[in-house]
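Chains as they are written, first to last, in the numbering used here: chain A, 1 to 304; chain B, 1 to 304.
In this text, a Cβ means the ideal position worked out from N, Cα and C, and glycines have one as well.
None of these values were measured; they are calculated from a predicted model.
Data block below; observations after.
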């Protein structure tokens, strides 16, 4: 079965037969469990899970989407439902969850595994996962929003390696083209920013892994950096971040729809330094949130 | 030069010639830069950097070590020096920094690169880095403290792969045996917990990567899990966590001393579920902090 989550009658199914017997499952990194929380009552109606790196940003997104959907009153800040956890935050606004995933694939996988299980236990169905992130850009103006229509790992392969029992397993990085197009189509001509469909380069490091010469250690020179970034450009890469490959791979394996929408903070063909103007970065950070909010409203209006 | 950080006269040197020209370096994930902060005044006296996954835990450690060293008055909570950052926290108590690194090697590398550069710019010298973490154990009672005297990656190799310019580079996981022994020797017979020197298995995933059958997806059975954990046991692995391989590899490359000290929350030979009793976990969490505080006090007394 290509996608295990198509039957809305029985809720989200996951490809792990052990879950049927895990009546007391402790979702340790969310600070809740099947026995401590009434997961169906809390999360049974969830249709969208939005994830991003920073806890503060995802709290702000929960507030924003709550206002957009009219499910939170003015100035009502939703509570952190993972307040027992020291690792992650989790907010809910109507049918939308908003959580942080930290930096990098390993951190993101921890919270993604636990949210998938939480929604499985809750009996949620037809759930779409969207990563709302920040990234570096390649050949696009800073502040552009990239909707990933492909992703490659650090070695430019279309697979993500998961190590199980000490051995590497290559899993495909499958991107839902229909979902990417639907999100992309929510851009408007009056927007003061471009929304671009493109390939995402996913690395396990911010400095050496992204061909920066400004890390604590460096074995490459400026020419190496420039040639590599031009190579990425020539292969259609539009942005660089640190989670998409693992996110697409695990969501596909789990049978849930997912997309990745990131705003670029810099054009790596010009610089490797993130701007210091926090007002500008703050405004740019809202752009993928605005786009995803439009997408969610459209889906809900269409009766998803 | 095996270790670039041996000359206390000139401060911590790093193997990156580009840094000499980076007069405005923006340490983005710490929310500070060479121009916005007087780094020598703030951090020139730092001798120890303690890192751990959780922000709250590392705030508590800063308070604890500040009390132990007598550099903070009673009930004085040190301020978060990275308060402009949405990603990490950073506290200082006398010559000790305490920061969180999130979950997984990629997240840890981001903050480690930036702290290394920060201390290089500050002119700090003879700095020791210590990761104080939580982990799963192999064949040791839960609540034991493991001081790593070796570490292996997910494929049980003594190397950590960094991808640079799209190609994998294998870096050695070198563990400073003298430092590990010194930390281990700070245990006391009256301690209500064991302190054990042992090999650490470092994975990029908490569920599938650590042979758990309880993740959102799973392709292995209980027999596979048990056989693999017995294999780890037979190869001398005492604990499993998600940062040590990259931590040892980058610190070695950068030429700084480092150690990893973690408390086990479970014995994976018996269970894969983290206990839910937060009082017990909280007490256990303090154990590596107590050990590391003794080590730091001893070093400072010896005139490091």
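Legend entry - Check whether residue 305 (chain A) and residue 258 (chain A) have beta carbons under 9 Å apart: Lying before the first or after the last residue shown, residue 305 (chain A) is absent from chain A, which here runs from 1 to 304.
Inset, instruction - Apply the 10 Å Cβ neighbour rule to residue 26 (chain B) and answer buried if 16 or more other Cβ atoms are within range, or exposed otherwise. - result: Residue 26 (chain B) comes out buried.
Inset, instruction - List the residues of chain A that residue 22 (chain B) touches, going by C-beta distances under 7 Å, in chain order. - result: 214, listed in chain order.
Inset, instruction - Would you please verify whether the beta carbon of residue 15 (chain B) is less than 9 Å from any beta carbon of chain D? - result: In summary, chain D is missing from the structure at hand, where the protein chains are A and B.
Inset, instruction - Kindly list, in the order they appear in chain A, the residues whose Cβ is closer than 7 Å to that of residue 26 (chain B). - result: Going along chain A in sequence order, the residues near residue 26 (chain B) (Cβ under 7 Å) are 273, 274 and 276.
Inset, instruction - Using beta-carbon positions only, say whether residue 14 (chain B) and residue 117 (chain B) come within less than 9 Å of one another. - result: A distance below 9 Å separates the beta carbons of residue 14 (chain B) and residue 117 (chain B).
Legend entry - Every unbroken beta strand (DSSP E) within the segment 156 to 215 of chain A, with a cutoff of 3 residues, ordered by chain: Within the segment 156 to 215 of chain A, the runs of beta strand (DSSP E) that reach at least 3 residues and sit entirely inside it are, in chain order, 159 to 164, 167 to 172 and 195 to 202.
Legend entry - Opening and closing residue of the beta strand (DSSP E) in which residue 135 (chain A) lies: Element bounds for residue 135 (chain A): 128 to 137.
Inset, instruction - Quick one: which unbroken alpha helix (DSSP H) runs of 4-plus residues sit fully inside the segment 51 to 89 of chain A? Chain order, please. - result: The qualifying runs are 55 to 69.
Legend entry - One or two residues paired with residue 364 (chain A) in a DSSP bridge: Residue 364 (chain A) lies beyond the range of chain A shown here (1 to 304); nothing can be said about it.
Inset, instruction - Let me know the secondary structure DSSP gives residue 241 (chain A) once reduced to three states. - result: Three-state result, residue 241 (chain A): strand.
Legend entry - Where residue 106 (chain A) meets chain B, residues with beta-carbon distance less than 7 Å: Near residue 106 (chain A) (Cβ distances below 7 Å), the residues of chain B are 103, 104, 105, 106, 204, 205 and 242.
Inset, instruction - Give me the Cα-Cα distance between residue 101 (chain B) and residue 205 (chain B), rounded to the nearest whole angstrom. - result: Looking at the backbone, the Cα of residue 101 (chain B) and that of residue 205 (chain B) are separated by about 16 Å.
Legend entry - Test: residue 30 (chain B) CB closer than 9 Å to a CB of chain A: No - not a single Cβ of chain A is within 9 Å of the one on residue 30 (chain B).
Inset, instruction - Name, please, each residue of chain A whose Cβ falls closer than 8 Å to the Cβ of residue 151 (chain B). - result: The premise fails here: residue 151 (chain B) is roughly 14 Å from chain A at the closest Cβ pair, so nothing lies under 8 Å.
Legend entry - Which of helix, strand or coil DSSP assigns to residue 4 (chain B): Low local confidence applies: a pLDDT of 45 at residue 4 (chain B) is under 50, so the model's placement there is unreliable, and no value is given.
Legend entry - CA nearest to the CA of residue 58 (chain A), picked from A:278, A:254 and A:82: Nearest neighbour of residue 58 (chain A) by Cα position, chosen from A:278, A:254 and A:82, turns out to be A:82.
Inset, instruction - Answer yes or no: the CB of residue 220 (chain A) versus the heavy atoms of the ligand FMN, is any distance below 8 Å? - result: In the structure shown, the ligand FMN is absent, as is every other ligand, since no ligand is present at all.
Inset, instruction - Using a threshold of 9 Å, state whether the C-beta atoms of residue 136 (chain A) and residue 285 (chain A) are closer than that. - result: Not closer than 9 Å, so no.
Inset, instruction - Would you decide whether residue 170 (chain B) is buried or exposed? Buried here means 16 or more other CB atoms lie within 10 Å of its CB. - result: Exposed is the call here.
Legend entry - Beta-carbon contacts of residue 197 (chain B) that lie in its chain and below 7 Å, excluding the five residues immediately before and after: Excluding positions up to five away in sequence, the list reads 147, 149, 180 and 184.
Legend entry - First through last residue of the alpha helix (DSSP H) which encompasses residue 105 (chain B): Start and end: 105 to 122.
Legend entry - Reduced DSSP secondary structure (H/G/I, E/B, other) of residue 26 (chain A): DSSP, reduced to helix, strand and coil, places residue 26 (chain A) within a strand of the structure shown.
Legend entry - Run of the alpha helix (DSSP H) containing residue 280 (chain B), from where it starts to where it stops: Here the alpha helix (DSSP H) through residue 280 (chain B) covers 278 to 301.
Legend entry - With 16 other Cβ atoms within 10 Å as the buried cut-off, status of residue 2 (chain A): Unreliable positioning characterises residue 2 (chain A) in this predicted model, as indicated by a pLDDT of 40, which lies under 50. The coordinate reading is nonetheless provided below. It counts as exposed.
Inset, instruction - For chain A, find out if any of its Cβ atoms is closer than 9 Å to the Cβ of residue 55 (chain B); answer yes or no. - result: By this cut-off, residue 55 (chain B) is an interface position.
Legend entry - Minimum Cβ-Cβ distance from residue 228 (chain A) to chain B less than 9 Å: For residue 228 (chain A), the nearest CB of chain B lies under 9 Å from its own CB, placing it at the interface with that chain.
Legend entry - Closer than 9 Å to chain A by CB, residue 122 (chain B): Between residue 122 (chain B) and chain A, the shortest Cβ-Cβ separation is not below 9 Å.
Legend entry - Span of the beta strand (DSSP E), counted from its first residue to its last, around residue 98 (chain A): Unbroken beta strand (DSSP E) run through residue 98 (chain A): 96 to 100.
Inset, instruction - Please list, in chain order, all residues of the same chain as residue 156 (chain A) whose beta carbon is under 6 Å from its beta carbon, the five residues on each side excluded. - result: Here the set comprises nothing.
Inset, instruction - Just grab the DSSP bridge partners of residue 20 (chain A) for me. - result: Looking at the DSSP assignment, residue 20 (chain A) forms no beta bridge with any residue, so it has no partner.
Inset, instruction - Using a Cβ cut-off of 9 Å (strictly closer), state whether residue 174 (chain A) contacts chain B. - result: Output row for residue 174 (chain A): interface = no.
Inset, instruction - Kindly say whether residue 135 (chain A), judged by its beta-carbon, lies nearer than 9 Å to any beta-carbon of chain B. - result: Judged by the 9 Å Cβ criterion, residue 135 (chain A) is not in contact with chain B.
Inset, instruction - Taking C-beta pairs closer than 9 Å, name the residues in chain B that residue 211 (chain A) reaches, listed in chain order. - result: From the beta-carbon of residue 211 (chain A), the residues of chain B found nearer than 9 Å are 164, 165 and 166.
Inset, instruction - Please report the Cβ distance between residue 238 (chain B) and residue 138 (chain B), rounded to the nearest whole angstrom; I am assuming they are in contact, meaning their Cβ atoms lie under 8 Å. - result: Rounded, the Cβ-Cβ distance is 6 Å, consistent with contact.
Legend entry - Cα-Cα separation between residue 193 (chain B) and residue 288 (chain B), rounded to whole angstroms: Each residue's Cα considered, the two are about 10 Å apart.
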